[in-house]
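Before any comments, here is the structure.
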Amino acid sequence: MVTTIKKLEELITQLQKYVSETSEAEISNKPNTEKWSKKEILGHLVDSGIYNIQRFTEIQFKEQSYRLQNYNQDELVKANSYQNSSTNDILDLLCALNKRIIELIKFQDHLTLKNEIILSSGEIINFKFLIEDYVIHFEHHTKQIVE
Numbered sequence: 003m004v005t006t007i008k009k010l011e012e013l014i015t016q017l018q019k020y021v022s023e024t025s026e027a028e029i030s031n032k033p034n035t036e037k038w039s040k041k042e043i044l045g046h047l048v049d050s051g052i053y054n055i056q057r058f059t060e061i062q063f064k065e066q067s068y069r070l071q072n073y074n075q076d077e078l079v080k081a082n083s084y085q086n087s088s089t090n091d092i093l094d095l096l097c098a099l100n101k102r103i104i105e106l107i108k109f110q111d112h113l114t115l116k117n118e119i120i121l122s123s124g125e126i127i128n129f130k131f132l133i134e135d136y137v138i139h140f141e142h143h144t145k146q147i148v149e
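So for the sequence shown, my numbering puts the first residue at 3; every next one is plus one.
Structure (structure tokens):
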């Protein structure tokens, strides 16, 4: 998991650098009413972090397979009104959440990483895959923001 942790740390640093060097107007620009602004994508990553902290914590203690619950991404972005929030506040929360996620990842051993997870589709994965997928998801959205 060392490589996964390092990747997440690099992505956080990349976002911090981008936000510090980019105008609020550019970060807040919405390509159209149906698309998220870069600020809203940051907010989506906050929502993802919140859900995954809970998941990563609960998975460790489940005696049976953990059933992964989906969440309504679009509704959360709207409900949290990220577009009207301070970019720096969103980024600070995102960084804090992911520092906690990194600590949770560090605590895992080879046994917990094998814990079984059932996706809403019925597909079965393990905890290690879920962690790695979280970082891939984070990377995908980081690219949307910085490019």
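Think of the CB as a built atom: it goes at the ideal place given N, C-alpha and C, for glycine as much as any other residue.
Nothing here was measured: the structure is a model prediction, and the numbers come from that model.
What distance in whole Å lies between the Cβ atoms of residue j and residue i, which are believed to be in contact at a cut-off of 8 Å?
| i | j | result |
| --- | --- | --- |
| Leu106 | Ile55 | 7 Å |
| Ile147 | Leu13 | About 10 Å; that fails the 8 Å criterion. |
| Asn82 | Gly45 | 6 Å |
| Tyr68 | Ile119 | 5 Å |
| Lys130 | Leu115 | 4 Å |
| Asn100 | Leu10 | 6 Å |
Which residues in the same chain have their Cβ closer than 6 Å to the Cβ of residue i, if we skip the five residues on either side of it in sequence?
| i | result |
| --- | --- |
| Glu134 | Thr6 |
| Glu36 | none |
| Val79 | Glu42, Gly45 and His46 |
| Tyr53 | Tyr73 |
| Met3 | Ile107 |
| Ile29 | Lys40, Lys41 and Thr89 |
| Gln62 | Thr114 |
Quickly, what does DSSP pair residue i with across the bridge? List them, please.
| i | result |
| --- | --- |
| Asn128 | Glu118 |
| Tyr68 | Ile119 |
Once you ignore the five residues that flank residue i on each side, which residues in its own chain have a CB closer than 8 Å to its CB?
| i | result |
| --- | --- |
| Leu121 | Leu70 and Ile127 |
| Asn72 | Ser122 |
| Ile92 | Lys41, Leu44, Gly45, Val48 and Tyr84 |
| Ser87 | Lys41 and Gly45 |
Measuring only between beta-carbons, confirm whether residue i sits less than 8 Å from chain D.
| i | result |
| --- | --- |
| Asp91 | Of the protein chains in the structure, only one exists, and it is not chain D. |
Which residues in the same chain as residue i place their Cβ atom closer than 7 Å to its Cβ, once the five residues preceding and following it in sequence are excluded?
| i | result |
| --- | --- |
| Glu26 | Thr89 |
| Lys32 | Ser39 |
| Ile137 | According to the sequence provided, residue 137 is Val. The question's Ile does not apply to it. Once the five neighbours on either side are set aside, the close Cβ partners of Val137 are Thr6, Lys9 and Leu10. |
| Gly51 | Leu96, Leu99, Asn100 and Ile103 |
Does the ligand ATP have a heavy atom nearer than 7 Å to the CB of residue i?
| i | result |
| --- | --- |
| Ser88 | Among the components of this structure there are no ligands whatsoever, and the ligand ATP is therefore not found. |
Length-filtered (4 minimum) alpha helix (DSSP H) runs lying within the region 19–43: 26–30
Three CB pairs or more closer than 8 Å across the region 129–143 and the region 83–93: no
Runs of beta strand (DSSP E) lying entirely within the region 82–114, each at least 3 residues, in chain order: None, since the region 82–114 contains no complete beta strand (DSSP E) of that length.
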